Every structure is written in structure tokens, then in C-alpha cells.
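In the working numbering, each residue carries its 1-based index in the sequence shown increased by 967.
Every residue, glycine too, gets a C-beta built ideally from N, C-alpha and C.
Quantities reported herein were computed from a predicted structural model and do not represent experimental measurements.
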Amino acid sequence: MRGRGHLERVLRIYAEHYNAERPHRGLDLATPDAPQIELDQRTTGLQLRRRDFLGGLIHEYERAA
């Protein structure tokens, strides 16, 4: 960490990811903000794109267009 400002930024990004974007087992591994879709639609022909946060400490996956 390079100081208090950097620490606050890292914690804010992590908290946003944890609370809004990470998969939750109670939601059948959907994110809280994800639209409700049928299970077979989530797995058929699935191609993913990975986004890294916090220098690669957190990886987020989404469907590729």
C-alpha cells in the first residue's frame, strides 16, 4: 500500500465487488445485480471474458459478446 488514500481505494473496490458483483451461492452462483435467467441458458455455449481488479487479486468473469 502506498498510503491511506491507496488503502481506501483498494477497500472501496473490494467492497463494491464483494457486495454487488461476486457470485453468491444462495443465488445459485448469480450476482446480486444479475437478471434472473434459466440455468440451461447460463451454461449452453458459454464463452467467458475475464476482468482483473486490484492488480489481478480479484478476477471477474462475464459472458463474451
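query                                                                                                                                                      : result
Sorted by chain position, which residues of the same chain lie with C-beta nearer than 6 Å to E1029's C-beta, five sequence neighbours on each side aside? : R1016
Tell me which residue opens and which closes the beta strand (DSSP E) that R1018 is part of.                                                               : 1015-1020
How close, in whole Å, do the beta carbons of R975 and E1027 come, if the pair is a contact with beta carbons under 8 Å?                                   : The question names Arg, yet the displayed sequence has Glu at residue 975. Going by Cβ atoms, the distance from E975 to E1027 rounds to 21 Å, so no, they are not a contact pair.
Across which residues does DSSP place A982 in a beta bridge pair?                                                                                          : A982 is not bridged to any residue.
For E988, report the span of its beta strand (DSSP E) as first-last.                                                                                       : Note, E988: premise wrong, no beta strand (DSSP E); not H, not E.
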